[in-house]
Structure formats: C-alpha cells, structure tokens
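In order, the protein sequence lines correspond to chains A and B.
When the first sequence is numbered by this note's numbering, its final residue is 326 and no position is left out of the sequence of numbers.
When the second sequence is numbered by this note's numbering, its final residue is 604 and no position is left out of the sequence of numbers.
Where a beta carbon is used, it is the ideal one built from N, C-alpha and C, also for glycine.
Presented below is the structure to which this report refers.
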Amino acid sequence: MNTEKKELSINYPVKKRGFWQQVKENLSAYTFLTPMTLAWVAFGLYPMIASYWIVLYEWSGIGEPTRYVGLANFARVISDPFFWKAFRNSFIYAGFQVPIQLFLALVLAMTLNLKWLKGKAVFRTIFFLPSLMSRAIIGLVLGLMLSPFNGVINEWLIHLHIIKQGIDWLGDPRTAFPTIIAVGIWQTLGINMIYFSAGLQAIPNELYEVAALDGSNALQRLFHITLPLIRPVFLIILILALIGSLNVFELVLVLTYGGPYYATEVVQTYIYKFAFAGTEISGGRTEVGFASAAALLMGIMVLALTGLQVLIVTRLRRKRAEYFEM
Amino acid sequence: MVTRKFGRTLLYLGLIVGGFFYIYPFLWMVSASFKTLPEFARGGLSLIPQTIHWQNYLIAWREAEFSRYFLNTVALATIPTITSLISTSMAGYALATRRFPGRKIYIGGAVVMMFLPHGLTVIPVFMLIHKLGLLHTLLGVMLPSMGGTLMQALFFLGYYSSISTGAKTLEEAARVDGAGFFQTYWRIMMPLGRPMFATLGILAFISGWNNFYWPLVISLGDPKLRTLPVGLYAFRGEHITEWTLLCAGTTMALIPIILLFLFFQRYIIEGLAGAIKM
Chain A
1 MNTEKKELSI
11 NYPVKKRGFW
21 QQVKENLSAY
31 TFLTPMTLAW
41 VAFGLYPMIA
51 SYWIVLYEWS
61 GIGEPTRYVG
71 LANFARVISD
81 PFFWKAFRNS
91 FIYAGFQVPI
101 QLFLALVLAM
111 TLNLKWLKGK
121 AVFRTIFFLP
131 SLMSRAIIGL
141 VLGLMLSPFN
151 GVINEWLIHL
161 HIIKQGIDWL
171 GDPRTAFPTI
181 IAVGIWQTLG
191 INMIYFSAGL
201 QAIPNELYEV
211 AALDGSNALQ
221 RLFHITLPLI
231 RPVFLIILIL
241 ALIGSLNVFE
251 LVLVLTYGGP
261 YYATEVVQTY
271 IYKFAFAGTE
281 ISGGRTEVGF
291 ASAAALLMGI
301 MVLALTGLQV
311 LIVTRLRRKR
321 AEYFEM
Chain B
327 MVTRKFGRTL
337 LYLGLIVGGF
347 FYIYPFLWMV
357 SASFKTLPEF
367 ARGGLSLIPQ
377 TIHWQNYLIA
387 WREAEFSRYF
397 LNTVALATIP
407 TITSLISTSM
417 AGYALATRRF
427 PGRKIYIGGA
437 VVMMFLPHGL
447 TVIPVFMLIH
457 KLGLLHTLLG
467 VMLPSMGGTL
477 MQALFFLGYY
487 SSISTGAKTL
497 EEAARVDGAG
507 FFQTYWRIMM
517 PLGRPMFATL
527 GILAFISGWN
537 NFYWPLVISL
547 GDPKLRTLPV
557 GLYAFRGEHI
567 TEWTLLCAGT
577 TMALIPIILL
587 FLFFQRYIIE
597 GLAGAIKM
C-alpha cells in the first residue's frame, strides 16, 4: 500500500512534466502546422463565425455594420415570397437534375466498363470534358448556341424538321428552366461517370465469375451483384450531386440571370443579387445582413439533408458488414 | 453470334454519335472563333469556316484585355496551388507521423468545421482583405486560397498515414545521418508524397483556373483584377454582339484545361475516384 502511494506521488509530477516535454519534443510538428493553421483561422474559421454575426445586422455592405436587428433578417427572409420561389426552384433543379444525371452516369459508366469495349479512354475523355470546364464559360458558349436569333441549336432543329420556328430557349419562362437543367446534366454527367467507374472497378471480378458459373444471366448479375455492391458509393455520389445542384449558381447567372420573371431564380443567385448586385426586389440596394441570413438558412437546409443521408449511409454500411461477416 | 456482333456495332455507333454531340459545343466554339462576324451572323451548320480568321484571337488578346485576364488566371491557378501544397502537406505529414498533444483536437476540429453550415463567408473574407490593405492587388485575390483546403490536408494525412511505417524507418535513418525535421521533410516526405502532390496539385490548379465567385466579387470594384471566366462574363455584358471575339476568348480559356487533362488524365481520374472511396 505504502509503496504504491509513493509511486503515485512520484508519478504525478513526472506526468505533468511529460506533457510539456511532449510539446517540446514535437515543436517541429507545431511549426509544420502553423501555415495551414493560420490560413485556416483567417479564411475558414473567422469567415464562418463572422458570417453568423453579420446575420444580426441590417447592413448595406459599406462601412462597418452598426444597426443591430437581432433575428429580424431571418424573419424577413422567411416571409419573402421571392426567397421561397428561389428555394423551390433550387429543389426543382436538384429534383430533376440529380436523378436523371445519376441514372445516365451509371449507365455510361457500366457501358464503358464492358470488357470488350475498345477506345474506352477516348470515350471517357469526351464525356468527362465538360465537367472540367469553368461553368461560367460553358454558360457563355451555350448561351450563344441557344440564342433565339441565330443560335445554332435552333438552326439544327429547323434543319432536321423537328421545329418550324426558332424557340427562345432561355427567354421563354416555359423552356428556360428545363433548358438550364439539361445544360446542368450535360455539364456534370462526366464527373459522376468517373465516380461510378471507381465504384464499379472496386467490385471483385470473382463474384461475376462465380455467378456466371452458377448459370446467372447478365440481368441477374446486374441486380444481385452490381447494384447492391455499389450502393454505399452510390449514396456518397448522391450527396455530392445533391449539394452541388442545390448550390447551382454560375450556370443560372450566366444563362438567364434568374429570369425571365424569376422563372429560373435559384437561392444562390437570389443571395448574390442581395449581397452584391442589387435587385428590383430590394429597390436596387444591397443588403448584406439579409443575404447572409438567406445563405445561412440554405446552408442549414442542405446540411440537414446531407446529415440524413449520412445516417442512411452508415446504417447501410453496417448492414453490409454484417452480411459479409455471415 | 450475328446478333451479338450487331449489338456491339450498335453500341459503338451510339457512343460515337453521342460523343460527337457531347463535344459539339466545343467544336462549334472553336469553329466560331475563326469566323468573321458577318459569316457568324449568317449562321449555317458547317463547322469549317470559309476563311480562317486568326484576327479574332489577336484582337481579343490585345484590345479586349484578355492578356490581362489570362495572366491573372495563370497567377490565381499556379501560386495558390504551390503554396497550398506546401502548407497542407506539411500539416498532413505532421499529423500523420507525430503523436503530439492537441493532435486529436486539431483533426476533430477540422472535421467538425467541414460539416458546419456556412453563411455568406465571402463577405468576411472581403472585409479581411480590405483590412489588410490588399483590396486592389492580385495578392488579395490569391491570398484566401493560398493556405489550401482542409480537404487537401486530410488527403495528405490519409496518404502519409498509409505509408508512415516505411516513412518512419527512412526518417530514423536520416536522423542518424544528422538531418533535422525540415531536411527530412524536403528529402524524404516530399519525394514519398509525389503521387499525392501530383493529383492534388492538378485538381487545385483546375479549381483555381475555374474559380468564379470570389474573383467575381473582388473584381466588382476593380476590373483590372478580372480572371478569364469573370472577364469573359463582363465582356459579354459590355459587347453584346462581339460573338466571334467572345468565342476566341472562351477557346483561350478552355484550351489550357483540355491540354492539362490530356497530359495528366490518370492523376485527375484517380484523384477524383479516390475522393469517393475515402
């Protein structure tokens, strides 16, 4: 007993010195972390905290924010019908763009994964190219092609006798949004194809060989091997695609600027207009506190959606692990 | 056998036709960039211009200030790529090979922050750049991305952790030879991390080249700071009918990325695929 106590009393100061000794021994590690940490605090942590704080002020963006209004900005965002219109549009965009492009990307990835197919690298490059490009620049080029005056897309469709008269793709409220969704699908299909390819290549080939020996057909292998095994990867791809499409900005800004008559206004263009450009809704003024409140609200919404999906992913992963253990 | 061959031919045909339409906008853009304005305005479906009108590129480069946009874009794509690789690889290495007090809190904090909702962070960043007196400088445009992203650091952390046993043996040997921590880093960890440097470097370059929101916001008060995407967007607003010049400009903006992809295809695809498997 006695000796034990003694040991403890000896041990205690040793432990305490041990902490500082550990710090001293690892000084170089702290040095290595310094540049990253400084940048992270200045351009990651501080802006995030400040973005919460700006929400509490009515502020035009010029000078320092001084008019404290509490949560009034949130109340205004929630009661603004234009916000909800943009909010709805963002979700409509995601609701159409994500399922269609993921379906096409999966089909394309499976096609380009076929063993006998030649020229895979070329096809992969072709379908992947738009994903690498600046969305703003893609928007400029497609804006020219979709022009109602001498746009080449109308010209083609008239030439092929599909339409008789040129369509104002981006100027007509009925066609503007579907057109933007189509452009969005075209632009992001390639990256999801690459993601799916990675998932497909991770499936062990033996599974297919064994299944083939058992006399299964291609369709059975698709439903019993391929689809179940890429499900966890699929959910990560789904999360990334959802976040990306709910935050769609450049394509809309460049192609329609949210028009005609707010038909294509999404949350990100709505925020941009209030924060920087001014809009008719705000009487041409910029309202940074209000825009920040809208941004934070959208951020929370997207986060909640992602959180829900992460929960599903982990549950499925656990189920799959149990399945393999058996 | 015959039906199989027929099916395969049909698939090839589908891929070729689909592929053509997929890159048609790029072919059209390049073609339009060589047309004269009257020829462009007349329309027509031919992708081959009647005469090759090089002048669009010269005019865009000199008079429409694309040379300035181009140089700004090159700066925004290269300098932050280099500095961010250094800062995030050092951080990732330290976190992977050292068990120092505060390590777990640091990693945990980074992960938590990635998942917190962000408001309009671009405004505080703008205020900070303003307070640093960098509002009308190229450094002000580059600074926010110079430290790199947390994602980059986590990738390095994962990579160096996966090779940490081998790395530690090498490091021990270097220490016996009298090399310090920094020397070990430059001589051992940099070469060991080469695949990660290549992949993350290329991805950082592409995202710097395509970056739109921040350059747009910071150049609102100073057109000199425009990058290619922002400059071309502004150009369209100011010269609504100079279509062929616009096409020459967009071609100049896209070609470096296309070349980069053709040379480093493997790194880009593996890097993106790696993000999914993590």
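Per-residue DSSP class, three states only, for residue i
i: residue 510(B); result: helix
i: residue 318(A); result: helix
i: residue 174(A); result: helix
i: residue 351(A); result: Nothing about residue 351(A) can be read from this structure; chain A reaches only from 1 to 326.
i: residue 419(B); result: helix
i: residue 287(A); result: coil
i: residue 58(A); result: strand
i: residue 217(A); result: coil
i: residue 374(B); result: coil
i: residue 388(B); result: helix
i: residue 206(A); result: helix
i: residue 165(A); result: coil
i: residue 487(B); result: helix
i: residue 505(B); result: coil
i: residue 581(B); result: helix
i: residue 6(A); result: For residue 6(A), the predicted structure reports a pLDDT of 45, less than 50, and the residue's modelled location is therefore unreliable. The matter cannot be settled from this model.
i: residue 159(A); result: helix
i: residue 456(B); result: helix
Chain-order list of residues whose beta-carbon lies under 6 angstroms from that of residue i (same chain, five-residue window excluded)
i: residue 336(B); result: none
i: residue 8(A); result: Confidence at residue 8(A) is low in this model, with a pLDDT of 45, below 50, so the placement of that residue should be treated as unreliable; the coordinate-derived value is given next. Same-chain partners within the cutoff: there are none.
i: residue 13(A); result: Confidence at residue 13(A) is low in this model, with a pLDDT of 46, below 50, so the placement of that residue is unreliable and no value is reported for it.
i: residue 575(B); result: 386, 392 and 558
i: residue 409(B); result: 472
Option in the options with minimal Cα separation from residue i
i: residue 298(A); options: 190(A), 97(A), 277(A) and 242(A); result: 242(A)
i: residue 351(A); options: 112(A), 48(A) and 192(A); result: Coverage of chain A is limited to positions 1 through 326, which leaves residue 351(A) absent and any answer about it impossible.
i: residue 86(A); options: 253(A), 321(A), 311(A) and 118(A); result: 253(A)
i: residue 316(A); options: 56(A), 208(A), 90(A) and 230(A); result: 230(A)
i: residue 497(B); options: 420(B), 344(B), 575(B) and 371(B); result: 420(B)
i: residue 102(A); options: 46(A), 194(A), 24(A) and 260(A); result: 194(A)
i: residue 32(A); options: 389(B), 511(B) and 459(B); result: 511(B)
i: residue 411(B); options: 366(B), 572(B), 519(B) and 554(B); result: 519(B)
i: residue 164(A); options: 154(A), 173(A), 290(A) and 171(A); result: 154(A)
i: residue 390(B); options: 587(B), 539(B), 568(B) and 592(B); result: 568(B)
i: residue 114(A); options: 197(A), 246(A), 125(A) and 137(A); result: 197(A)
i: residue 546(B); options: 345(B), 452(B) and 587(B); result: 452(B)
i: residue 40(A); options: 447(B), 542(B) and 591(B); result: 447(B)
i: residue 290(A); options: 104(A), 83(A), 30(A) and 125(A); result: 83(A)
Per-residue contacts from residue i into chain A (C-beta, under 9 angstroms)
i: residue 587(B); result: 125, 128, 129 and 132
i: residue 488(B); result: Within 9 angstroms Cβ-Cβ: nothing; residue 488(B) doesn't reach chain A, min ~17 angstroms.
i: residue 485(B); result: Chain A residues near residue 485(B): none, gap ~15 angstroms exceeds 9 angstroms.
i: residue 473(B); result: 35, 36, 37, 38, 39, 40, 42, 43 and 44
7 angstroms CB neighbourhood of residue i in its chain, flanking five on each side removed
i: residue 3(A); result: Any reading at residue 3(A) must be qualified, since the residue scores a pLDDT of 44, below 50, and its modelled position is unreliable; no value is offered.
i: residue 634(B); result: Here chain B comprises residues numbered 327 to 604, so residue 634(B) is not present and cannot be evaluated.
i: residue 146(A); result: 153, 169, 170 and 179
i: residue 11(A); result: The pLDDT assigned to residue 11(A) is 46, lower than 50, so where the model puts this residue is not dependable, and the model offers no usable value.
i: residue 429(B); result: 421
Within chain B, partners of residue i - CB distance below 7 angstroms
i: residue 159(A); result: 371
i: residue 136(A); result: 538, 555 and 559
i: residue 22(A); result: 426 and 427
i: residue 28(A); result: 507
i: residue 156(A); result: 371
Chain-ordered chain A contacts of residue i [CB-CB under 7 angstroms]
i: residue 569(B); result: 144
i: residue 479(B); result: 36
i: residue 417(B); result: 32, 33 and 36
Chain A contact residues for residue i, given Cβ-Cβ distances below 8 angstroms
i: residue 413(B); result: 35, 36 and 39
i: residue 591(B); result: 121 and 125
Interface partners of residue i on chain E, CB under 9 angstroms
i: residue 220(A); result: No chain E appears in this structure, whose protein chains are A and B.
Where residue i meets chain B, residues with beta-carbon distance less than 8 angstroms
i: residue 69(A); result: Near residue 69(A) there are no residues of chain B at all, since even the closest Cβ is about 15 angstroms away, more than 8 angstroms.
i: residue 19(A); result: 427
Same chain, Cβ closer than 8 angstroms to residue i, neighbours up to 5 away in sequence not counted
i: residue 238(A); result: 98, 102 and 309
i: residue 184(A); result: 93, 97, 101, 245, 248 and 251
Check: residue i C-beta below 6 angstroms from any heavy atom of the ligand NAP
i: residue 506(B); result: The ligand NAP is not among the ligands present in this structure, which contains no ligands whatsoever.
Interfacial residues, the stretch 512-534 of chain B to chain A, with Cβ spacing under 7 angstroms: 532
Chain A contacts from the stretch 444-461 of chain B (Cβ-Cβ distance under 7 angstroms): 444, 445, 446, 447, 449, 450, 451 and 454
Short-range partners of chain B found in the stretch 253-284 of chain A, where Cβ spacing is below 7 angstroms: 254, 271, 275 and 276
Interface residues of the stretch 382-411 of chain B facing chain A [CB-CB below 9 angstroms]: When C-beta distances to chain A are compared with 9 angstroms, the residues of the stretch 382-411 of chain B below that value are 409 and 410, in chain order.
Contacting positions in the stretch 225-237 of chain A - beta carbon closer than 9 angstroms to chain B: 233, 236 and 237
Residues within the stretch 348-362 of chain B neighbouring chain A, beta-carbon criterion of under 8 angstroms: 348, 349, 351, 352, 354, 355 and 358
Members of the stretch 72-94 of chain A that neighbour chain B once the beta carbon cut-off is set at 7 angstroms: So the list is empty, because no residue satisfies the distance condition.
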